[in-house]
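Visitor: End of the sequence shown sits at 116 in the numbering used here; the numbers just go up one at a time, nothing left out.
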Amino acid sequence: DLQIEMIDRFGLLPDSTKNLFAATRLKLFSDKIGIDKISLYDDKAHLTFADKTTIEPIKIINLVQQQPRTYQLKSQNQLIIKQEMPEDIERIVLIEDLLKKLCQLKS
């Protein structure tokens, strides 16, 4: 693992480098389940699903219905996560957790 090798050679990584590794993990993970784009903001996040996502639309709808204060469908292929996330690491952790949940919803 590149991150372990960098820590071994250079010591503890700065937050910006940790965030870069986390963003890369998010990209790889989102590609796996068919998410084209992730946009992160202080108070929300937008996930845009690919036309050929592996997630069944009904399962996304069920997630939105179970937690309507947190999740909202903006369009046929865009999920909004409404939650305060002022810190970069909070945003990354929230999206990682959601992507793991969505992977469990795969058909």
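A virtual CB, placed ideally from N, CA and C, is assigned to each residue, including glycine.
Should Ser116 be labelled buried (16 or more other beta-carbon atoms within 10 Å of its own) or exposed?
Guide: By one-based count along the sequence shown, residue 116 stands at place 107. Confidence at Ser116 is low in this model, with a pLDDT of 48, below 50, so its placement is unreliable and the value that follows should be read with caution. Exposed is the call here.
Visitor: How would you write the range of the alpha helix (DSSP H) that Ala32 sits in, first residue to last?
Guide: Numbered from its first residue, the sequence shown carries residue 32 at position 23. Residues Asp24 to Ile42.
Visitor: Given a cut-off of 8 Å, decide if Val73 and Gln85 are closer than it, judged by their beta-carbon atoms.
Guide: For the purposes of this step, residue 85 is identified with residue 76 of the sequence shown, where counting begins at 1. For the purposes of this step, residue 73 is identified with residue 64 of the sequence shown, where counting begins at 1. With respect to Val73, Gln85 sits apart: the two C-beta atoms are not nearer than 8 Å.
Visitor: So for Ser116, helix, strand or coil by DSSP?
Guide: By one-based count along the sequence shown, residue 116 stands at place 107. Low confidence applies here, because Ser116 scores a pLDDT of 48, under 50, leaving its location unreliable and the question unanswered by this model.
Visitor: Under the rule that 16 or more other beta-carbon atoms within 10 Å means buried, what is Thr33, buried or exposed?
Guide: Taking the sequence shown and counting its residues from 1, the one referred to as residue 33 is at position 24. Burial call: exposed.
Visitor: Between which two residues does the alpha helix (DSSP H) containing Lys68 stretch?
Guide: Locating residue 68 in the sequence shown gives position 59, where the first residue counts as 1. Start and end: Pro66 to Gln75.
Visitor: Can you tell me which of Ile42, Lys91 and Leu108 puts its alpha carbon nearest to the alpha carbon of Pro77?
Guide: Looking up residue 77 in the sequence shown gives position 68. Of the candidates Ile42, Lys91 and Leu108, the one whose C-alpha sits nearest the C-alpha of Pro77 is Lys91.
Visitor: Can you give me the start and stop residues for the beta strand (DSSP E) that Leu88 sits inside?
Guide: Locating residue 88 in the sequence shown gives position 79, where the first residue counts as 1. Its beta strand (DSSP E) spans residues Gln87 to Lys91.
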